[in-house]
Every structure is written in structure tokens, then in C-alpha cells.
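Colleague: Supplied in C-alpha cells, the structure appears directly below.
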Amino acid sequence: MAERRRAAVLAAVIAVAAVPAALALTDRHLAGASVALVVSTTAGALAVSALALQPLLAAGRRIARHRLLGAVAFALVLLHVGALFVESPDDAWFAMSPDGPTRARMALIATIALAGAVTLGVLRNRLPLGAGTWRGLHAYLAVVVLALGIGHAVLTDGALDDLGTAVLVALGAVGLVGVPAAHVARTRLARRG
Amino acid sequence: MRRPWLFGLLLTLITGAILVALLDSEPSGTGAENVGQSGPEPTVTATPAESEGREERVERRRCEATESNPGGTNNYLPDAPARDALGGGFVITGLVRAADGCRPLPDVRVQVWLATETGGEQDNRASVRTGSDGRYRIETAPTIAQFGEPNIHVGYDDGDFGEVFIRRVVDLDDERAVVDLTLARRG
Chain A
158 MAERRRAAVL AAVIAVAAVP AALALTDRHL AGASVALVVS TTAGALAVSA LALQPLLAAG
218 RRIARHRLLG AVAFALVLLH VGALFVESPD DAWFAMSPDG PTRARMALIA TIALAGAVTL
278 GVLRNRLPLG AGTWRGLHAY LAVVVLALGI GHAVLTDGAL DDLGTAVLVA LGAVGLVGVP
338 AAHVARTRLA RRG
Chain R
578 MRRPWLFGLL LTLITGAILV ALLDSEPSGT GAENVGQSGP EPTVTATPAE SEGREERVER
638 RRCEATESNP GGTNNYLPDA PARDALGGGF VITGLVRAAD GCRPLPDVRV QVWLATETGG
698 EQDNRASVRT GSDGRYRIET APTIAQFGEP NIHVGYDDGD FGEVFIRRVV DLDDERAVVD
758 LTLARRG
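Going line by line, the protein sequences match chains A and R. The first sequence begins at 158 in my numbering and counts up one residue at a time. The second sequence begins at 578 in my numbering and counts up one residue at a time.
Below, the structure is given as C-alpha cells:
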């Protein structure tokens with residue numbers, strides 16, 4: 158029974174996670190688009206789903222999966238950016254420059270915050286940080302990643318507009334509510350020892 | 578946590594720096610104003626500079642030269658082929674004038690390039706010449722978002738005047754864009 162429930166939950170999670178990517182891939186914006194743009198958009202859409210699920214995994218004590226999905230999300234974000242450099246180096250450099258648009262600056266800051274959160278995860282036991290400080294910092298970076306990452310996706314015209322925007326906002330809300338929930342859950346667990 | 582106030586202060590400072598970095602940016606990039614319009618194309622009336630009998634007064638005028646803005650040269654390739662149209666459904670027009678005297682400049686070649694439903698910025702490029710009234714016009718396929726927003730590029734790089742490369746934006750549902758250029762003589 159428990160196994161069947163677990164399978165149902167997993168199927169539901171995968172279905173939800175596939176929604177942004179499915180919407181993006183069927184949008185007319187990608188009709189006739191280059192392989193690089195399709196790869197970049199799909200990677201970005203999947204990264205949104207992965208990042209929104211991260212706090213839920215942490216709150217549910219699925220730490221091994223949380224680490225794995227964190228690495229996957231980071232790789233997806235790097236693939237998203239790398240594919241944009243293949244698509245148009247001029248536009249990619251411009252977007253990341255001090256003259257780039259607000260949505261690109263949001264993405265840049267979110268990516269730096271994600272790199273920080275991943276680094277904290279990798280170096281968890283090797284940093285001179287108390288457990289409470291580590292948790293607070295990791296949660297703070299998670300909020301920055303979600304708020305600015307979703308903000309970037311919403312402000313970007315393209316494959317995820319209209320219904321896509323609603324899905325992005327919903328996933329962002331799940332993630333942003335999940336972060337304090339995960340923080341409280343992990344802090345309680347630590348106090349219990 | 579031994580010094581929660583220090584931790585709180587650090588996060589507050591980082592948050593402040595992030596907000597400043599975001600507020601400091603322009604929504605579409607530096608200098609990329611929205612030049613999109615919709616509805617029927619307006620009939621062009623002669624500008625004062627075009628009217629006869631005002632030459633002397635016009636000569637003394639000086640118009641501010643258009644400055645290139647960051648990103649203006651993105652995907653620029655010199656010497657685009659001369660084309661009458663790049664598809665249909667969207668119109669780009671503009672008046673090209675001289676900074677000195679503000680007079681319309683006839684037979685000046687400008688390049689227009691943009692991402693549309695039929696191709697990217699490097700495929701959709703055309704050289705167009707201004708008419709006797711200093712105006713150019715080219716019809717293109719409807720725009721699509723390029724890196725998150727539809728961009729219109731117009732450039733001048735033909736030697737007589739200083740080069741200008743500008744990047745403007747439109748909304749996805751716009752039907753027209755107006756990009757005027759005021760060119761300053763070299764030297």
C-alpha cells in the first residue's frame with residue numbers, strides 16, 4: 158500500500174514538474190527555433206520545476222534526493238545559459254553586461270545565489286559555520302534563487318506567457334512557501350538531535 | 578547562532594545590494610526605449626525642414642544626433658543585401674535627418690535587422706534607402722522575442738556621417754515601429 162502511494166506521489170510530482178517544459182515545447186515561439194533555443198528553453202523550464210520542488214524535499218527529510226536534484230537544477234541552469242551563448246553570443250554577453258535588461262540581471266543574481274547554495278551544500282561539513290547559520294544562509298539563498306529566477310522567467314517574453322506565466326507563478330509560490338517550511342522543519346529536527 | 582544580529586545585518590546588506598542592482602537596470606536594457614505602435618499607419622506630413630522657402634532658417638537649426646546605445650551592434654553584419662521587404666505584417670519606418678540643419682537626408686542607406694517569425698537577427702537583415710523626403714520604410718514578418726523581448730535594430734555605417742547602431746524594443750502585439758535617426762557629419 159505504502160509503495161503504491163509512493164509511486165502515485167512520484168507520478169504526480171513528475172507530472173507537475175513536466176508542465177512548464179511541456180507548455181514551452183508546444184508554444185509557437187519555439188516553432189522553427191534553433192536547437193540551441195529549444196535546449197535552452199527546455200532546460201530553463203525544467204530548472205524552475207526542480208527548484209520549486211527542492212524545499213519540499215528538504216522539509217520531507219529527503220536529503221539525498223535534495224542534493225541530487227540541487228545538482229541537476231544547477232546543471233540545467235548552466236545548460237540554459239550555455240545554450241543561449243550558442244544561440245547568440247552577442248545577445249548573451251549583452252544580457253549579462255551592466256547594460257542588460259532587468260530580467261537578465263535577475264537571472265544573473267539568481268544564478269550566483271544558486272551557485273552559492275550549491276557550494277554551501279557541497280562544503281557543508283567543511284565550513285566554519287554553525288548549523289543554524291548554515292541553514293539560515295542556505296534558506297536565504299534559496300529565496301533569492303526562487304524569487305529572482307521566477308521573476309526572470311515571468312518578465313521574459315517567449316515560450317512561457319499567459320498560461321505559462323500562471324504556472325511559473327504557482328511553482329514559484331510553492332517554492333517560496335516551501336523554504337520557510339523546510340527551514341522550520343530542519344531546525345526542529347536539529348533541536349531534537 | 579552566536580551573533581544573530583550580525584547575520585541579520587549581513588543578509589539585510591546583501592538584500593539591499595540586490596535591490597539597488599535591480600533598480601539600477603533599465604527594463605529593456607540601457608537606452609532601449611519602446612518604439613512599438615499599433616493601428617493603421619499614419620499619413621506622413623512634411624516636416625518644417627522639408628517645406629520650401631524655409632531653407633535659410635532651417636540651416637541655422639541643429640538637431641541632437643542619435644547616439645548608439647548598448648547592444649546596438651548585436652548580430653550586426655555589414656552590407657546587408659538591399660531588399661524591399663522581409664515578409665509582411667510588421668512595418669518599420671523612420672526619418673533620417675542631418676544633425677546640422679535638421680534637414681531630411683535623401684538616398685541614405687540604413688540597415689534594419691530583427692528576429693521575426695521567419696528567422697533570427699542574422700537572417701532577417703536588409704539595407705533600405707531613404708526617399709526624397711528622408712524617410713525609409715520596410716515591411717517585415719511579425720516580430721518574435723529575441724532574448725526575452727522583440728528587438729528592432731537600425732544602423733548606419735556608410736562613412737559620410739558618424740556610425741550609429743541602435744537597439745529598440747516593441748511589444749509582441751505591436752504592428753509598427755518608428756525608428757528615426759539624426760546623423761552627425763564625421764570630423
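Glycine is no exception: its CB is placed at the ideal position from the N, C-alpha and C atoms.
Distance check for A/L236 and A/D184, CA to CA, integer angstroms please.
Modeller: On the first sequence, position 27 is the one that residue 184 of chain A refers to. On the first sequence, position 79 is the one that residue 236 of chain A refers to. The straight-line gap from Cα to Cα measures roughly 20 Å.
Colleague: In three-state terms, what does DSSP make of A/V195?
Modeller: In the first sequence, counting from the first residue as 1, residue 195 of chain A sits at position 38. Three-state result, A/V195: helix.
Colleague: Would you call A/T276 buried or exposed, if buried means 16 or more other Cβ atoms sit within 10 Å of its Cβ?
Modeller: The residue given as residue 276 of chain A occupies position 119 in the first sequence. Under this definition A/T276 is an exposed residue.
Colleague: Which residues in chain R sit within 9 Å of A/D248, going by Cβ to Cβ distance?
Modeller: Against the first sequence, residue 248 of chain A aligns to sequence position 91. The answer, in chain order, is G648, N651, N652, E698, Q723, F724, N728.
Colleague: Taking any Cβ of chain R, which residues in the region 251-263 of chain A have a Cβ under 9 Å from it, in chain order?
Modeller: Those would be F251, A252, S254, P255, D256, G257, P258, T259, R260, A261, R262, M263, in chain order.
Colleague: I'd like to know whether the C-beta atoms of R/N611 and A/D247 end up nearer to each other than 7 Å.
Modeller: Translated into positions along the second sequence, residue 611 of chain R becomes position 34. Translated into positions along the first sequence, residue 247 of chain A becomes position 90. Contact: no.
Colleague: Quick one: list the residues of chain R neighbouring A/H186, beta-carbon separation under 8 Å, in chain order.
Modeller: As a position in the first sequence, residue 186 of chain A is number 29, starting the count at 1. Chain R residues near A/H186: I721, A722.
Colleague: Tell me which residues share the same chain as R/F738 and place their Cβ nearer than 7 Å to its Cβ, disregarding the 5 neighbours each side in the sequence.
Modeller: Translated into the one-based positions of the second sequence, residue 738 of chain R becomes position 161. Result list for R/F738: L760, A761, R762, R763, in chain order.
Colleague: Can you say whether A/D314 is buried or exposed, counting buried as having 16 or more other CB atoms within 10 angstroms of its CB?
Modeller: The residue given as residue 314 of chain A occupies position 157 in the first sequence. Burial call: buried.
Colleague: Counting Cβ pairs, one atom from each stretch, are 3 or more of them under 8 Å apart for the region 306-313 of chain A and the region 262-279 of chain A?
Modeller: Flag = yes, the region 306-313 of chain A and the region 262-279 of chain A touch.
Colleague: Give the DSSP bridge partners of R/L588, in chain order.
Modeller: As a position in the second sequence, residue 588 of chain R is number 11, starting the count at 1. BP columns for R/L588 are empty, so no partner.
Colleague: Measuring only the C-alpha atoms, how far is R/G606 from A/A193?
Modeller: Residue mapping note: residue 606 of chain R aligns to position 29 of the second sequence, counting from 1. Residue mapping note: residue 193 of chain A aligns to position 36 of the first sequence, counting from 1. Each residue's alpha carbon lies about 23 Å from the other.
Colleague: What does the alpha-carbon distance come out to for the pair R/G678 and R/S645?
Modeller: Within the second sequence, residue 678 of chain R is the residue found at index 101, counting from 1. Within the second sequence, residue 645 of chain R is the residue found at index 68, counting from 1. In a straight line, the C-alpha of R/G678 is about 20 Å away from that of R/S645.
Colleague: Go ahead and label R/D601 buried or exposed: buried means 16 or more other beta carbons lie within 10 angstroms of its beta carbon, across all protein chains shown.
Modeller: Counting from one through the second sequence, the residue named residue 601 of chain R turns up at place 24. Result: exposed.
Colleague: Could you check whether the Cβ of A/G315 sits closer than 7 Å to any Cβ belonging to chain R?
Modeller: Position 158 of the first sequence holds residue 315 of chain A. Output row for A/G315: interface = yes.
Colleague: On the CB-based measure, 16 or more other CB atoms within 10 Å of its CB, does A/I171 come out buried or exposed?
Modeller: Within the first sequence, the letter at position 14 stands for residue 171 of chain A. Exposed is the call here.
Colleague: For R/L682, report the span of its beta strand (DSSP E) as first-last.
Modeller: For the purposes of this step, residue 682 of chain R is taken as residue 105 along the second sequence, with counting starting at 1. That residue, R/L682, is in no beta strand (DSSP E); it is neither H nor E in DSSP.
Colleague: Sort A/A215, A/R162, A/V324 by Cα distance to A/L180 and report the nearest one.
Modeller: Numbered from its first residue, the first sequence carries residue 180 of chain A at position 23. Checked all of A/A215, A/R162, A/V324; the closest Cα to A/L180 is A/V324.
Colleague: Using a beta-carbon distance cut-off of less than 9 Å, what residues from the region 603-614 of chain R approach chain A?
Modeller: Cβ contacts with chain A come from E603, P604, S605, G606, T607, G608, A609.
Colleague: Going straight from the alpha carbon of A/R262 to that of A/V300, what length do you get?
Modeller: One-based indexing of the first sequence puts residue 262 of chain A at position 105. One-based indexing of the first sequence puts residue 300 of chain A at position 143. The alpha-carbon atoms of A/R262 and A/V300 are separated by roughly 16 Å.
Colleague: Between the region 661-680 of chain R and the region 702-722 of chain R, are three or more C-beta pairs nearer than 8 Å?
Modeller: The region 661-680 of chain R, when compared against the region 702-722 of chain R, does touch it at the 8 Å Cβ threshold.
Colleague: Say whether chain R places a C-beta atom closer than 7 Å to the C-beta of A/I307.
Modeller: Reading the first sequence from its first residue, position 150 is the one you call residue 307 of chain A. Not closer than 7 Å to any Cβ of chain R, the Cβ of A/I307 fails to qualify, so no.
Colleague: For chain R, is any of its Cβ atoms less than 7 Å away from the one on A/I266?
Modeller: Here residue 266 of chain A refers to the residue found at position 109 when the first sequence is read from its first residue. Interface residue, yes.
Colleague: For R/E740, tell me which candidate among R/R580, R/Q688, R/I591 has the shortest Cα-Cα distance.
Modeller: Reading the second sequence from its first residue, position 163 is the one you call residue 740 of chain R. Cα-wise, what sits closest to R/E740 is R/Q688.
Colleague: Chain A partners of R/L682, CB-CB under 8 Å?
Modeller: Residue 682 of chain R sits at position 105 when you count from the first residue of the second sequence. Those do not exist, as R/L682 stays about 28 Å from chain A at its closest Cβ, beyond 8 Å.
Colleague: Measure the C-alpha to C-alpha separation of R/R712 and R/G671 and round it to an integer number of angstroms.
Modeller: Counting from 1 along the second sequence, the entry for residue 712 of chain R is found at position 135. Counting from 1 along the second sequence, the entry for residue 671 of chain R is found at position 94. So the alpha carbons of these two residues sit roughly 6 Å apart.
Colleague: From this set, A/V334, A/G332, A/L317, A/V326, which residue's C-alpha is nearest A/T199's C-alpha?
Modeller: For the purposes of this step, residue 199 of chain A is taken as the residue at position 42 of the first sequence. The shortest C-alpha separation from A/T199 is found at A/L317.
Colleague: Taking Cβ-Cβ distances below 7 Å as the criterion, which residues of the region 282-299 of chain A are in contact with chain R?
Modeller: Within the region 282-299 of chain A, the qualifying residues are G287, G289, T290, G293, Y297.
Colleague: If I measure Cβ to Cβ from A/V243 and keep anything under 7 Å in the same chain, skipping five residues before and after, which residues do I get?
Modeller: For the purposes of this step, residue 243 of chain A is identified with residue 86 of the first sequence, where counting begins at 1. Closer than 7 Å at the Cβ level, and outside the excluded window around A/V243, lie A193.
Colleague: Excluding the 5 residues flanking R/V755 on each side, which residues of the same chain have their C-beta closer than 7 Å to its C-beta?
Modeller: Here residue 755 of chain R is taken as the residue at index 178 of the second sequence, counted from 1. Same-chain partners within the cutoff: V612, Q614, T670, G671.
Colleague: How about R/R744 and R/N728: are their beta carbons less than 7 Å apart?
Modeller: Within the second sequence, the letter at position 167 stands for residue 744 of chain R. Within the second sequence, the letter at position 151 stands for residue 728 of chain R. Result yes, Cβ atoms of R/R744 and R/N728 sit closer than 7 Å.
Colleague: What are the residues in the region 174-205 of chain A lying within 7 Å of chain R by C-beta distance?
Modeller: Correct list: H186.
Colleague: Is the Cβ of R/L691 closer than 7 Å to any Cβ of chain A?
Modeller: As a first step, residue 691 of chain R is located in the second sequence; it is residue number 114 there, counting from the start. It does not; no Cβ of chain A falls within 7 Å.
Colleague: Can you find the residues in the same chain that come closer than 7 Å, C-beta to C-beta, to R/L758, ignoring five residues on each side of it along the sequence?
Modeller: On the second sequence, residue 758 of chain R is found 181 positions in, with the first residue counted as 1. Contacts found: T643, G671, V673, V687, V731, Y733, V741.
Colleague: Chain A beta carbons: is any one of them nearer than 7 Å to that of R/L588?
Modeller: As a position in the second sequence, residue 588 of chain R is number 11, starting the count at 1. It does; some Cβ of chain A falls within 7 Å.
Colleague: Assuming A/L180 is part of the alpha helix (DSSP H), what are its boundary residues?
Modeller: As a working mapping, residue 180 of chain A is identified with position 23 in the first sequence. 159-183 is the span of the alpha helix (DSSP H), which, as asked, contains A/L180.
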